[in-house]
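K.L.:
If you're matching them up, the sequences are chains A and B in order. Residues 1285 to 1727 in the working numbering are what the first sequence lists, from first letter to last. Residues 1285 to 1727 in the working numbering are what the second sequence lists, from first letter to last. Supplied in structure tokens, the structure appears directly below.
Protein chains: 2
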Amino acid sequence: MEEIRYIEGNVKNQQEELSLLEHAGEIVEIHGSIYKIRKMRGFAFVLLRTAKHVIQCVYSEEKASFSLEELEEESCVIFQAEVVKEERSRTGVELHLIGMEVLSRPYEKSPVVINQKQVDTSIATLLDYRPVTLRNEKERAIFRIQNGITNAVRRFLQGKGFTEIHTPKIGSAGAEGGANIFRLDYFGKEAYLAQSPQFYKQMMVGVYERVFEIAPVFRAEKHDTSRHLNEYTSVDFEMGYVTRVEELMEMEAAMLKFVFASLKEECQEELALLQVEIPEWKEIPAIPFAKAKEIVAKIRKRAVEEPEDLEPEEEKLLSEWILKETGSELVFVTEYPEKKRPFYAMDSETNPNVTKSFDLLYKGLEVTTGGLRIHNYEEQVAKMKRRGMHPEVFESYLMAHKCGLPPHGGLGLGLERFTSRLLGFENVRRASLFPRDIHRLVP
Amino acid sequence: MEEIRYIEGNVKNQQEELSLLEHAGEIVEIHGSIYKIRKMRGFAFVLLRTAKHVIQCVYSEEKASFSLEELEEESCVIFQAEVVKEERSRTGVELHLIGMEVLSRPYEKSPVVINQKQVDTSIATLLDYRPVTLRNEKERAIFRIQNGITNAVRRFLQGKGFTEIHTPKIGSAGAEGGANIFRLDYFGKEAYLAQSPQFYKQMMVGVYERVFEIAPVFRAEKHDTSRHLNEYTSVDFEMGYVTRVEELMEMEAAMLKFVFASLKEECQEELALLQVEIPEWKEIPAIPFAKAKEIVAKIRKRAVEEPEDLEPEEEKLLSEWILKETGSELVFVTEYPEKKRPFYAMDSETNPNVTKSFDLLYKGLEVTTGGLRIHNYEEQVAKMKRRGMHPEVFESYLMAHKCGLPPHGGLGLGLERFTSRLLGFENVRRASLFPRDIHRLVP
């Protein structure tokens, strides 16, 4: 029938820009956005922002078939150009412009200057104008590195036999509770947004033994600090047939080692641009919570205060001390007090006041919380009752325990916090594309 | 300091079960959950469910150091066993049990029989008892295939230069509107849950040229049908420097080809278990919307009704007709009426009543909606005004257009719908781990 056309699926990428060097001496066509124009008399330096690079171009009246005035920043173009070797250029080449087809032009100039080395503005303005400030070379490098992190995490976990899952973000209001949840009306029923995939990943341990999820979680915390986001991306894994909490920490240490090694290979350019050095390490120190409190008290020259809490300030002091003592930017804090951990945390047999759990601090900030969970049904119900909870509310969660679950545990890693530590940002918002905080719902 | 231990990150997987064949004649240790016991006199057939397989084991009183009564379904164990070649077994081996360490026992038997060939129950019960029914071999194969799909999509898109992004799921209430959004209170402001990452992925085209996201989306649709979910996983991509809508369809066709080829290689066992055949195809037919309406009217022997809508029943008829005519289970419907597409859809130059857009139908069900978008600021604002919308509400979205965007387009693919079509399920809920529909908030 004549009206039917056929779509075959032959697609190609734009000629990979880094291979431009191989085309030295040739004429190529290349598309991108004009990032910056530096006009001289009769010629101009032009930077072309392509999907992955910023390419140096030279406009000269002799060579170009179009006038200098036609060049406009943030217009999208196809250049016809000669590839010329140029050692001083980052890509090893320079493009000598011959022809230009303009695909689109901006309506207005960006209200913020985006084509300098960095966007020189307050964090509020940086975030308010995210749709354009992200076009800055350094800003966009941040999220390419973040993508490098998630790619590496996936590759690592898949290699270790983990299955990736997608669990619901809307749930029944009874299950989690607490003040920090966002509530919504779900066809007349009260529902909440998931603070974590905790219950689901535990259930799924009974199905696949090892599972992970990288997905948004939502916390209605009213903290307005440089380390809190109300929506963030949580990297969660959960694994069965684990009886020692150290096995979880070993898995995380191996994962982070793999992530760092992958970034070095795959995000070289972005890391260089942001002047980030990937830490070299062989092992991560681990220190019990109570001991950590003592150390911090000693540093502060005071008695131990609030023996069940490790305050952000204390986390910083501990991290600094560990860095000095061991050279490590990462430190596990283990054996958290029972009272401060959730009802599913497994208590230590030798000291029921502490749990088989841990946090991971990275340059002074908690980036991971993890631990062994209770897998025995009666034990879990008993602990709930001790805490005044109602097990019947958790019927479907407890169904997994009731019908048999292996010993298991897992952890959650905050992607934005981890990225911000790696890149040395004071404010975690810089590592979120479009952050949500107590004041910020747009863009 | 003695209190500091060190976590080095050496982890290993359980001996990969499929390599058991290489250990024929040896004694191995293997952990898993006892899936099924068939007791005979003095011996028993035992199925062990491991992370990826179900392994046939034989218990005999002569060989085993434990009694038959100690074996219990859904208990988690470590078996010590001799690997014996057995051609009739799916893994090529059989384990002759010697020793057993019990790690956990269920508190109660599962209320639903989960260890038959399939879970023989209504879909409501299947879903009510998801934490245990997912342990069924066929049920869990579904989501391994789904994971195979997302893995393949990621690999394909990364290979084509796409960057994966994470965009917020909570947004300002002004932007999307419409009846089908979930609203929530965000620290005193009205907010909504994202129905799609549409605005954000368009903004990001200005940053990375090609982006994708695989993440939950939320639709408060009151439809109680076999094809609707109120929360689902959307596979979205958006690409710049595209001027023909066919380029988007080519990209999707290539992606699906890659997905099918990958599944064949990586999910062989699961596909065999579910008796799914991966379709072979060279190209996907494409047919204009108006023509599709005519064809369907002809089949029904009626005049064209509701010329701007393609009803689910009509989608089915069209798909059946295309299958008969061309042998294809997939069909693109193109040139959707302007009135039925969102404000950002690009209209055709030759006929402003239709858009440069398409749907993809797979075995009678719409699985993808896509198209070119308006990239020009003034054109977008004019179209909004024609529709009675207020451009000022969309300030941050339009900032991208205002400051220059390349011609671009993209699409969204519903992961659960796609999975359910591939696997031949009548009900899309079967392809969601923990589905959310108008009645279902748990588990």
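Idealized CB from N, CA, C, for every residue including glycine.
Thinking K1647(A) and E1613(A) are a contact (beta carbons under 8 angstroms), I'd like their distance in whole angstroms, please.
P.N.:
Their Cβ separation, rounded to whole angstroms, is 5 angstroms, which keeps K1647(A) and E1613(A) in contact under 8 angstroms.
K.L.:
Ignore the nearest five residues each way along the sequence and tell me which others in L1699(A)'s own chain have a CB closer than 6 angstroms to its CB.
P.N.:
Excluding sequence neighbours, L1699(A) sits near T1517 and V1519.
K.L.:
For T1375(B), count neighbouring Cβ atoms within 10 angstroms of its own Cβ and tell me buried if that reaches 16, exposed if not.
P.N.:
Buried, by the Cβ-count rule.
K.L.:
Under the rule that 16 or more other beta-carbon atoms within 10 Å means buried, what is I1454(A), buried or exposed?
P.N.:
It counts as buried.
K.L.:
In or out: F1471(B) buried (at least 16 other Cβ within 10 Å) or exposed?
P.N.:
F1471(B) should be labelled exposed.
K.L.:
Assuming Y1628(A) and R1657(A) are in contact, meaning their beta carbons sit under 8 angstroms apart, how far apart are those beta carbons, in whole angstroms?
P.N.:
Rounded, the Cβ-Cβ distance is 5 angstroms, consistent with contact.
K.L.:
Step through the CB atoms of chain B and report whether any lies within less than 8 angstroms of the CB of S1394(A).
P.N.:
With 8 angstroms as the cut-off, S1394(A) counts as an interface residue toward chain B.
K.L.:
Could you please tell me which residues of the region 1566-1594 of chain B, in chain order, have their CB closer than 8 angstroms to any CB of chain A?
P.N.:
Within the region 1566-1594 of chain B, the qualifying residues are K1566, E1567, I1568, P1569, A1570, I1571, P1572 and K1575.
K.L.:
Quick check on G1694(B) - is its C-beta less than 8 angstroms from some C-beta in chain A?
P.N.:
Output row for G1694(B): interface = no.
K.L.:
Using a Cβ cut-off of 7 angstroms, pull out every chain B residue sitting near G1455(A), in sequence order please.
P.N.:
Chain B residues near G1455(A): L1725.
K.L.:
Using a C-beta to C-beta distance shorter than 8 angstroms, which residues of chain A count as neighbours of P1415(B)?
P.N.:
Simply M1487, G1490, S1680, Y1681, M1683, A1684 and C1687.
K.L.:
Once the 5 residues before and after I1407(B) are set aside, which same chain residues still bring their CB inside 8 angstroms of it?
P.N.:
Once the five neighbours on either side are set aside, the close Cβ partners of I1407(B) are N1711, R1713 and R1714.
K.L.:
Could you check whether P1675(A) and M1683(A) sit closer than 8 angstroms to each other, using their CB atoms as the reference points?
P.N.:
Contact: no.
K.L.:
Buried or exposed for E1310(B), please, with buried defined as at least 16 other CB atoms from any protein chain shown within 10 angstroms of its CB.
P.N.:
Counting Cβ neighbours within 10 Å, E1310(B) comes out exposed, since fewer than 16 surround it.
K.L.:
Taking the C-alpha atoms as reference points, what is the distance between R1705(B) and L1649(B)?
P.N.:
Rounded to the nearest angstrom, the two C-alpha atoms are 8 angstroms apart.
K.L.:
Under a CB-based cut-off of 8 angstroms, is V1403(A) close to chain B?
P.N.:
No, because no Cβ of chain B sits closer than 8 angstroms to the Cβ of V1403(A).
K.L.:
Using DSSP bridges, identify the partner residues of H1315(A).
P.N.:
Answer is I1362(A), bridged to H1315(A).
K.L.:
Within its chain, find whatever has a CB closer than 7 angstroms to the CB of P1591(B); leave out the 5 residues flanking it on each side and keep chain order.
P.N.:
Counting only Cβ-Cβ distances below 7 angstroms, and skipping sequence neighbours, we find K1577.
K.L.:
Determine the burial state of R1494(A): buried for a count of at least 16 other Cβ atoms within 10 Å of its Cβ, exposed for fewer.
P.N.:
R1494(A) comes out buried.
K.L.:
List the whole-angstrom C-beta distance separating Y1343(A) from N1399(A), where the pair is believed to meet the contact cut-off of C-beta under 8 angstroms.
P.N.:
Actually they are not in contact, since the Cβ atoms of Y1343(A) and N1399(A) sit about 16 angstroms apart, beyond 8 angstroms.
K.L.:
Using CA atoms only, rank isn't needed, just tell me which of E1522(A), G1316(A) and N1420(A) is closest to R1389(A).
P.N.:
Nearest option by C-alpha distance: G1316(A).
K.L.:
Could you tell me which chain A residues have their CB closer than 8 angstroms to the CB of N1248(B), listed as they occur along the chain?
P.N.:
Outside the shown range of chain B (1285 to 1727) lies residue 1248(B), about which nothing can therefore be said.
K.L.:
Using a Cβ-Cβ distance cut-off of 8 angstroms, determine whether H1315(A) contacts chain B.
P.N.:
For H1315(A), the answer is yes, since a Cβ of chain B falls inside 8 angstroms of its Cβ.
K.L.:
Can you list the alpha helix (DSSP H) stretches of 4 or more residues lying completely in the region 1616-1692 of chain B, in chain order?
P.N.:
1661-1670 and 1679-1686, all fully within the region 1616-1692 of chain B.
K.L.:
Residues of the region 1649-1664 of chain B with a CB closer than 8 angstroms to any CB of chain A: list them in chain order, please.
P.N.:
Those would be H1659, N1660, Y1661 and E1662, in chain order.
K.L.:
Of the choices A1335(A), E1531(A) and A1537(A), whose alpha-carbon is the least far from that of R1424(A)?
P.N.:
Measuring from the Cα of R1424(A), the nearest candidate turns out to be A1335(A).
K.L.:
Are L1304(A) and K1347(A) close, meaning C-beta to C-beta below 8 angstroms?
P.N.:
Cβ atoms of L1304(A) and K1347(A): not closer than 8 angstroms.
K.L.:
Answer yes or no: does any C-beta atom of chain B fall closer than 8 angstroms to that of H1450(A)?
P.N.:
Yes - at least one Cβ of chain B is within 8 angstroms of the one on H1450(A).
K.L.:
Hey, how far is the Cα of K1623(B) from the Cα of E1505(A)?
P.N.:
Their backbone Cα atoms lie some 42 angstroms apart in a straight line.
K.L.:
State the Cα-Cα distance for the pair F1642(A) and P1572(A), rounded to the nearest angstrom.
P.N.:
Spanning the two alpha carbons is a distance of roughly 9 angstroms.
K.L.:
Under three-state DSSP, which class holds H1380(A)?
P.N.:
In the structure shown, H1380(A) sits in a strand (DSSP, three-state: E or B).
K.L.:
For S1394(A), which residues in the same chain have their Cβ closer than 7 angstroms to its Cβ, ignoring the five residues on either side in sequence?
P.N.:
Taken in chain order, the residues that qualify are E1358 and V1416.
K.L.:
Just how far apart, CA to CA, sit P1727(B) and R1670(A)?
P.N.:
Whole-angstrom Cα-Cα distance: 24 angstroms.
K.L.:
Can you confirm whether G1309(A), when its beta carbon is compared against all beta carbons of chain B, has any partner nearer than 8 angstroms?
P.N.:
For G1309(A), the answer is no, since every Cβ of chain B falls outside 8 angstroms of its Cβ.
K.L.:
Is the separation between the beta-carbon of L1331(B) and that of V1361(B) shorter than 8 angstroms?
P.N.:
Not a contact, by the Cβ cut-off of 8 angstroms.
K.L.:
Return the CA-CA distance between T1652(A) and A1499(A), expressed in angstroms with no decimal places.
P.N.:
Approximately 15 angstroms between the Cα atoms of the pair.
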